[in-house]
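Here the structure comes first, spelled out in structure tokens, and everything after it is commentary.
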Amino acid sequence: METCCPTASVGAFVPDFEMETYEPTHGDFGKVSLADIKKSGKWTILVFYPADFTFVCPTELADLADQQARLAELGAQVIAVSTDTKFAHMVWRNTEGLMKNVKYTLAADPTGTVSRLFGVYDKATGLALRGTFIINPEGKLVSSEVNFYNVGRNAEELVRKMEANVHLMANPSEACPAKWTPGAKTLKPGKDIVGNVASVLS
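See below:
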């Protein structure tokens with residue numbers, strides 16, 4: 017398997033992109049761009065998946081749909097992306113039972129342009145790997161996760177990552193330890209806690 021080198025990297029600003037979409041909330045086609053999402057002040061969550069009408073994919077997107085309200089409360093716009101067309105998205109959304117609760121945007125990347133941008137495009141198959149990316153309202157990529165074709169993701173962990181990133185944007189001098197959730201202790205990196213993290217978190 018050979019993937020393309022990404023031009024988007026964690027900690028850097030993401031180049032603008034635009035994709036055609038199927039919008040389940042009103043049953044029509046549209047377009048989505050990073051520039052417009054940034055103007056709205058929202059976070060962007062991109063969830064790449066290999067293909068419509070496959071097997072693990074609808075289980076992931078159904079799981080994501082279960083967490084959509086929580087992600088929206090955190091100020092995020094969720095966009096699921098594959099290299100299928102917007103027409104395939106429409107038919108799949110309206111025929112696969114697991115997709116019935118999907119209300120977020122389904123974006124089409126048939127040329128693989130955006131998949132290449134994030135380094136998830138598989139040249140051998142023309143499909144995207146299972147990549148999840150969080151972009152903050154300023155357009156900076158703050159989180160990246162990529163799985164192979166046969167391993168599904170956990171949307172609850174995506175919510176936890178979003179909660180942590182929202183907290184850190186408001187509190188940039190802090191850091192979130194493993195398994196951090198809202199209300200738990202954070203860390204303030206500095207010489208005073210070097211070799212003493214256990215006591216800080218106890």
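Per the working numbering, the sequence shown starts with residue 17, numbered consecutively.
For glycine and all other residues, C-beta sits at the position ideal for the given N, C-alpha and C.
- Looking at the DSSP output, Met35 bridges to Val48.
- In the same chain as Val30, and ignoring 5 residues on each side of it, the C-beta atoms closer than 6 Å to its own belong to Ala24, Ile151, Gly155, Leu157, in chain order.
- Here DSSP, grouped into helix, strand and coil, assigns Ala200 to coil.
- Here Phe134 is buried, its C-beta having at least 16 other C-beta atoms within 10 Å.
- Proximity to Asn181 across Gly46, Gly91, Thr41 peaks at Gly91, based on C-alpha coordinates.
- Secondary structure note for Ser131: its alpha helix (DSSP H) is the uninterrupted segment 129–133.
- Judged by beta-carbon spacing, Val63 lies within the 8 Å limit of Leu80, meaning their Cβ atoms are closer than that value.
- Between Glu34 and Lys47, the beta carbon gap of about 6 Å places them in contact (Cβ cut-off 8 Å).
- When the five nearest sequence neighbours on each side are left out, the beta carbons in the same chain lying within less than 8 Å of the beta carbon of Gly27 are those of Lys156, Leu157, Val158, in order along the chain.
- Counting the other CB atoms within 10 Å of its CB gives His105 a total of 16 or more, which places it among the buried residues.
- Per the coordinates, the alpha-carbon of Leu143 lies some 46 Å from the alpha-carbon of Lys207.
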